[in-house]
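Novice: The sequence shown lines up with residues 8 to 164 when you count with this note's numbering. Note that the Cβ used here is the ideal one computed from N, Cα and C, for glycine as well. Values in this document were obtained by computation on a predicted structure and should not be read as measured data. Provided herewith is a single structure, encoded as structure tokens, for subsequent inquiry.
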Amino acid sequence: LFDYSDAAYIFLLFLVFMLASTALALALAALFNRGMAAAVASSIFYVLGYAIYEATYMESVPRATKRAACLHPVTCFTLATIPLAEYEESGVGITADTLDSAENNNFTVADALGMLSLDIVLFLLLAWYLDQVAPKEWGVPRPWYFLFQARYWREVF
């Protein structure tokens, strides 16, 4: 399928996309008490990523806007397929030399790898925070400002 690209970069792209998607699922799951509601809302949010992609894939869209859109993992991964496909079509592929460049686009695979890595960290932090403050069927949620309480950090450490 990817005859000219370095397999390690393709694997890395799919890996960080999978990890970012999992982190997003954890963050969304922290908002819901019922599984069915979480599944429906998460599916809608996931498909929304393709709508964001449709609004940002053109060359005329600034690179900063594309990077901001990459806060959604689906959008970011889909944007990364543009330079990947361009380099495969030209017979060059994604390699160490082409990772941070794009032939006809202002968004690179390196941009996607960086933003997906940021997504992983942000969504895991958000999942942890929401798990602490979102009301659940059992237990008492912490106040929204629990991060600033010394008592919480004494419990953690």
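#1: Tell me whether Lys143 sits in a helix, a strand or coil according to DSSP, three-state version.
#2: Using the C-alpha atoms, what's the distance from Pro148 back to Met25?
#3: By Cβ distance, which residues of its chain are closer than 6 Å to Cys77, with the 5 residues on each side in sequence left out?
#4: Is Trp135 helix, strand or coil when you go by DSSP?
#5: Which value, in whole angstroms, describes the spacing of the CA atoms of Gln156 and Phe130?
#6: Assign Asp107 to one of three DSSP states: helix, strand, or coil.
#7: Rounded to the nearest angstrom, how far is the Cβ of Thr48 from that of Leu33, given a contact under 8 Å?
#8: When the Cα atoms are used, what is the spatial distance from Ala44 to Ala141?
#9: How many Å lie between Ala75 and Ala46 at the Cα?
#10: Are at least three pairs of beta-carbons, each pair with one atom in the region 64-71 and one in the region 106-123, less than 8 Å apart?
#11: Find the nearest neighbour of Tyr16 within the set Thr88, Lys143, Tyr136, Ile127, judged by alpha-carbon distance.
#12: So for Gly100, helix, strand or coil by DSSP?
Specialist: Let me lay it out:
#1: coil
#2: So the two alpha carbons sit approximately 29 Å from each other.
#3: Once the five neighbours on either side are set aside, the close Cβ partners of Cys77 are Cys83, Met122.
#4: helix
#5: Cα-Cα distance, rounded: 22 Å.
#6: coil
#7: The sequence given here places Ala at residue 48; Thr does not occur at that position. Wrong, their Cβ atoms sit about 14 Å apart, outside the cutoff.
#8: If I take the Cα positions, the gap works out to 15 Å.
#9: Rounded to whole angstroms, Ala75 to Ala46 spans 25 Å at the Cα level.
#10: yes
#11: Thr88
#12: coil
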